[in-house]
Amino acid sequence: MHTKVCSWNEWDPLRHVIVGRADGTMVQAPEPAVDRDWPEYGFPRGSWGRLPKEMEDKANEQLDHFAALLERRGIRVDRPTPLDFSRPVETPDWRQESMFGCMPPRDVLLTVGHEILEATMSYRSRWFEYLAYRPLLERYFREDPEFRWEAAPKPRLTERTYKKDYWKIFHSLSEEEKLERTRRRDWILTEVEPCFDAADVARCGRDLFVQQSTVTNAAGIDWLRRHFSGHRIHSVIFQEDQPMHIDATFVPLRPGLALSNRVRKPLTPEMIELFRKNGWEIVECAKPAHDKKAKLSFCSVWLSMNVLVLDPKTVCVEASEVEQMEQLDRLGFEVIPVPFWDVAAFGGGLHCATADVYREGSLEDYFPRQIPGF
Ligand code: ABU
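Quick note, our numbering runs 7 ahead of the 1-based positions in the sequence shown.
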């Protein structure tokens with residue numbers, strides 16, 4: 008089978024993609040960056056364990072259905088090789104009692120042109136997650152002589168990477184105080200080393216929009232800026248007290264059109280100015296179908312806008328998100344409903360569950376008019 012790695016943006020015609028698996032996903036063991044407290048579902052703070060088997064089976068059913076749907080449309084689909092995520096892992100600096108899973112490849116793998124970059128990640132439980140993708144990356148390396156396989160420097164993730172007593176302080180804050188911290192970009196990560204998740208990057212050709220968040224620090228964005236020196240890297244933030252991944256907050260849909268979260272407003276006005284100045288329309292997403300997170304999910308109801316664009320006229324949307332589907336239909340898309348809510352607890356929606364390998368198209372400049380300093 009001919010393999011070509013290349014993808015410059017979120018909308019060009021998709022021809023080859025990785026779809027994650029739910030197998031063995033964990034409510035991960037406690038670690039400095041993660042605060043889980045789900046007593047109503049059998050996981051009070053401090054406990055951990057594998058997500059229930061019946062949930063895993065339902066999630067895999069929906070993932071397999073999604074993979075088959077993509078294949079029927081002529082898109083090649085590859086799947087990761089799950090590890091035993093229940094086992095403890097360690098480096099010379101720390102020991103972590105469990106890993107997490109390999110449902111959301113988007114968090115780990117960033118495809119920019121001919122390159123797939125393994126992100127640093129910023130959770131100890133996710134430090135080794137790249138191993139689930141290595142069989143695929145090794146294969147792409149053998150089969151595509153133009154494939155650039157890169158890995159960002161693995162962070163140490165010692166106590167110095169995380170702010171001391173962060174969660175104790177966070178839980179004592181009012182909503183306004185939490186927001187004030189967001190404005191100061193003050194979350195769990197320190198700046199001692201670069202950290203980023205790949206899902207904090209939205210790709211628009213020459214311009215990459217990178218959300219600073221609970222899992223991506225300023226040093227991580229600086230590392231990306233130096234690494235992708237032929238691109239323009241824009242550091243952006245949104246009104247959200249625990250931001251994590253840009254793809255349920257700001258989603259480019261096609262040249263000239265982006266979907267914006269109706270609650271998480273951009274706190275970097277330059278971003279809006281840049282889009283407007285270059286003739287882009289930014290539409291607020293529809294109201295989500297769900298009013299609370301899925302059981303055992305750390306992801307929000309805004310997975311409603313975590314859509315996968317197959318080409319500039321076709322988009323996959325979670326099947327219960329009727330209002331979101333209607334809105335995208337009005338915007339001129341063929342909308343493909345995909346049942347996916349049972350996957351939420353395993354790390355996200357349709358965009359999270361995928362990583363681009365190949366989209367047709369070339370590197371373009373969609374923002375020729377820039378904002379100085381942004
Ligand atoms: N990984 C995307 C989830 C983002 C969110 O829960 O809003």
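Just so it is clear, CB atoms sit at the ideal spot from N, CA and C, and this is done for glycine as well.
DSSP-derived helix/strand/coil call for residue i
i, result
"residue 74", "helix"
"residue 392", "Because residue 392 is not part of the residues shown, which for the chain are 8 to 381, the question remains open."
"residue 282", "helix"
"residue 219", "coil"
"residue 412", "Because residue 412 is not part of the residues shown, which for the chain are 8 to 381, the question remains open."
"residue 138", "helix"
"residue 335", "helix"
"residue 15", "coil"
"residue 348", "helix"
"residue 353", "helix"
"residue 373", "coil"
"residue 214", "strand"
"residue 30", "coil"
"residue 207", "helix"
"residue 316", "strand"
Rounded separation between residue i and residue j - CA only
i, j, result
"residue 146", "residue 79", "23 Å"
"residue 53", "residue 41", "10 Å"
"residue 92", "residue 62", "16 Å"
"residue 379", "residue 305", "37 Å"
"residue 119", "residue 182", "37 Å"
"residue 96", "residue 55", "15 Å"
"residue 71", "residue 84", "10 Å"
"residue 282", "residue 351", "30 Å"
"residue 16", "residue 293", "23 Å"
"residue 247", "residue 192", "11 Å"
"residue 51", "residue 303", "11 Å"
"residue 25", "residue 310", "19 Å"
"residue 313", "residue 211", "16 Å"
"residue 108", "residue 116", "14 Å"
"residue 12", "residue 242", "26 Å"
Endpoints, alpha helix (DSSP H) assigned at residue i
i, result
"residue 112", "112-115"
"residue 230", "225-234"
"residue 388", "Because the chain in this structure spans residues 8 to 381, residue 388 falls outside the shown range and cannot be described."
"residue 187", "182-190"
"residue 365", "Not the alpha helix (DSSP H): residue 365 falls in the beta strand (DSSP E), residues 361-366."
"residue 176", "173-178"
Terminal residues of the beta strand (DSSP E) in which residue i lies
i, result
"residue 142", "It is not in any beta strand (DSSP E) - residue 142 instead sits in the alpha helix (DSSP H) that spans 141-150."
"residue 155", "155-158"
"residue 239", "239-243"
"residue 25", "21-26"
"residue 397", "Residue 397 is absent from the structure shown; the chain starts at 8 and stops at 381."
"residue 325", "321-325"
"residue 289", "288-291"
| Can you find at least 3 beta carbon pairs, one from the stretch 162-172 and one from the stretch 195-211, that sit closer than 8 Å? | yes
| request: Scan the stretch 248-276 and note each continuous alpha helix (DSSP H) run of 4 residues or more that stays entirely inside, going in chain order. | output: none
| the stretch 23-38 contacting the stretch 323-331, beta-carbon criterion three pairs below 8 Å | no
| field | Cβ contact check for the stretch 266-276 and the stretch 289-296: 3 or more pairs under 8 Å | value | yes
| message | I'd like to know if the stretch 136-144 and the stretch 207-225 are in contact, where contact means that at least 3 CB-CB pairs between them fall below 8 Å. | response | no
| query | Between the stretch 254-265 and the stretch 229-239, do three or more beta carbon pairs fall short of 8 Å? | reply | no
| request: Inspect the CB distances between the stretch 331-339 and the stretch 359-374 and report whether three or more fall short of 8 Å. | output: no
| field | Segments assigned beta strand (DSSP E), at least 3 residues, entirely inside the stretch 38-101 | value | Inside the stretch 38-101, DSSP marks whole beta strand (DSSP E) runs of 3 or more residues at positions 83-85, from first to last along the chain.
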